[in-house]
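The structure appears right after this line, and notes come after that.
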Amino acid sequence: EDLIVPPLKPTIGEDEVVIIFIQGASIKTAAYKPLAQQVQKSVSFPLWFAAPQCPENIAAIPKCIDEGVERVMTALRAKGLRNNSRIFYGGHSLGGAMIPGYVEKITQGDVRGMILLGSFLTREYRVPKYPNSPQYAFPVPTLTIGGELDGLARITRIAESFYNQITVSDAPYPWRRLPVTIIQGITHMQFASGQPPALVKERDLRPEVSEEEAHREIARHISLFLQAVLSNDDQDWNAVKRLVDSTFE
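Just add 489 to the spot in the sequence shown (first one is 1) and you have the working numbering.
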C-alpha cells in the first residue's frame, strides 16, 4: 500500500518539504519507512515522505508513477500538506531509474530536486560538448548516492556518473547541479530495510556497517543536499562539495 510518513513535528507557520519516492523492484514501500524517519530526524524543517505503491512492486509498469504520485499527493493534502510545499522526487534501484522520466516531463508544482539511491541518471541524459568529454543535463538538481558494496548499481557505474557529471563537467559548480557521492561499506538493500527480494539477495554484496549506521549516513547526505537546494547558500553548497570531494579521495 502507499506509504505516507508525516513530519515528526508540527508544521504550523513553517515551510514544508515533501519527498515523493519510488520503490525499488520487488521491494515493498514500507521498507523505506525507517530511512524516511532517519532523514526527517536529520533535517531542521518539517518533512513529509510518501512512496506510492506500484502494482507488483514494479515501477516500470506503465502509468504507475503518474497515477501513484497523483494518489499520494491527494492523500498528503488530506493529511494537511499545504499547496505551497516544496517538492523533491526520488527513487531507489528501478524506482530511481524510472523517476527521472517523470520529473523531466512535469511542469506543475514547486519541484526543487531529485534524489537517486542505488541508481543513477542513465546515458540518455548525456549531452556531448566535445569528443571524449560527455556532459550530463537534467532540469533540476539531482543527488546520486551509491553504495560501495552495492551489487546491483555497482560502484564502477557510479564512478562513471562521477566522471561524467563532476570530473569532466564544464559547469562552473557541477556539485550544485548533479552531485555524486558514495557511502563506504553499504549495500543495495541498505537503502531500504527488511529482507531483500530474490534478485537483490542473489547479487548484492555483504555490508560492512549496520542498517542503522547506513541509514544515518544516507540521511546525512540527503539532508545536506536538501538544505543546500532550499537555501541556495554558499556555505550549504560547500558542505555538499565536501561530500563530493571525499567520494574518490
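Note that the Cβ used here is the ideal one computed from N, Cα and C, for glycine as well.
This structure is a prediction, so every number in the text was calculated from the model and none was measured.
Sub-8 Å separation of residue i and residue j beta-carbons
{"i": "I634", "j": "I576", "result": "no"}
{"i": "I744", "j": "A539", "result": "Outside the modelled stretch of the chain, which goes from 490 to 738, sits residue 744, for which no answer is possible."}
{"i": "F651", "j": "V669", "result": "yes"}
{"i": "S582", "j": "A514", "result": "yes"}
{"i": "L641", "j": "V689", "result": "yes"}
{"i": "F609", "j": "I550", "result": "no"}
Closest residue to residue i among the options (Cα-Cα distance)
{"i": "A663", "options": "Q624, S515 and K522", "result": "Correcting the residue identity first, residue 663 is Pro in this sequence and not Ala. Ranking the options by Cα distance to P663, first place goes to Q624."}
{"i": "E490", "options": "D504, I550, G557 and V507", "result": "G557"}
{"i": "D693", "options": "I644, L610 and R666", "result": "I644"}
{"i": "S531", "options": "F714, W726 and C543", "result": "F714"}
{"i": "T736", "options": "L492, G674, I588 and E691", "result": "G674"}
{"i": "R560", "options": "P589, I511, A586 and V600", "result": "I511"}
{"i": "E503", "options": "L492, K517, S533 and R666", "result": "S533"}
{"i": "G636", "options": "P499, M678, N727 and I516", "result": "M678"}
{"i": "A687", "options": "P499, I516, A728 and P544", "result": "I516"}
Neighbourhood of residue i by C-beta distance below 7 Å, restricted to the same chain and skipping five residues each side
{"i": "H704", "result": "P523, L524 and Q527"}
{"i": "S658", "result": "Q624"}
{"i": "A586", "result": "S608 and T611"}
{"i": "V718", "result": "R601, G602 and P630"}
{"i": "V698", "result": "G674 and I675"}
Residue burial classification, residue i (beta-carbon count within 10 angstroms, cutoff 16)
{"i": "A567", "result": "exposed"}
{"i": "G579", "result": "buried"}
{"i": "G584", "result": "buried"}
{"i": "N546", "result": "buried"}
{"i": "P541", "result": "buried"}
{"i": "G569", "result": "exposed"}
{"i": "Y619", "result": "exposed"}
{"i": "E706", "result": "buried"}
{"i": "S574", "result": "buried"}
{"i": "P544", "result": "exposed"}
{"i": "I595", "result": "exposed"}
Distance, residue j Cα to residue i Cα
{"i": "P628", "j": "E593", "result": "7 Å"}
{"i": "R571", "j": "E613", "result": "34 Å"}
{"i": "G602", "j": "L732", "result": "18 Å"}
{"i": "M702", "j": "P696", "result": "For clarity, residue 702 is Glu in the given sequence; the question names Met instead. Cα-Cα distance, rounded: 11 Å."}
{"i": "T631", "j": "I711", "result": "11 Å"}
{"i": "D723", "j": "A519", "result": "36 Å"}
{"i": "Q716", "j": "T676", "result": "25 Å"}
{"i": "A708", "j": "E700", "result": "12 Å"}
{"i": "D734", "j": "I655", "result": "10 Å"}
{"i": "V494", "j": "K552", "result": "23 Å"}
{"i": "A564", "j": "E738", "result": "43 Å"}
{"i": "D599", "j": "S682", "result": "30 Å"}
{"i": "V507", "j": "P499", "result": "14 Å"}
{"i": "E649", "j": "K730", "result": "18 Å"}
{"i": "A728", "j": "S720", "result": "12 Å"}
{"i": "Y521", "j": "L667", "result": "23 Å"}
Cβ-based neighbour list, residue i, same chain, cut-off 8 Å, excluding 5 preceding and 5 following
{"i": "D555", "result": "Y591"}
{"i": "P496", "result": "E505, Q529, P535, L536 and W537"}
{"i": "W726", "result": "Y662, W664, R665 and A717"}
{"i": "N653", "result": "R615, P623, Q624 and Y625"}
Residues near residue i in its chain [Cβ-Cβ closer than 6 Å; skip 5 each side]
{"i": "V616", "result": "Q624 and A626"}
{"i": "Q684", "result": "none"}
{"i": "I588", "result": "I511, Y578 and G580"}
{"i": "L605", "result": "G585 and T633"}
Residue i beta carbon near the ligand ADP (any heavy atom closer than 7 Å)
{"i": "I516", "result": "By its list of ligands, the structure shown contains no ligand whatsoever, and the ligand ADP lies outside what it can speak to."}
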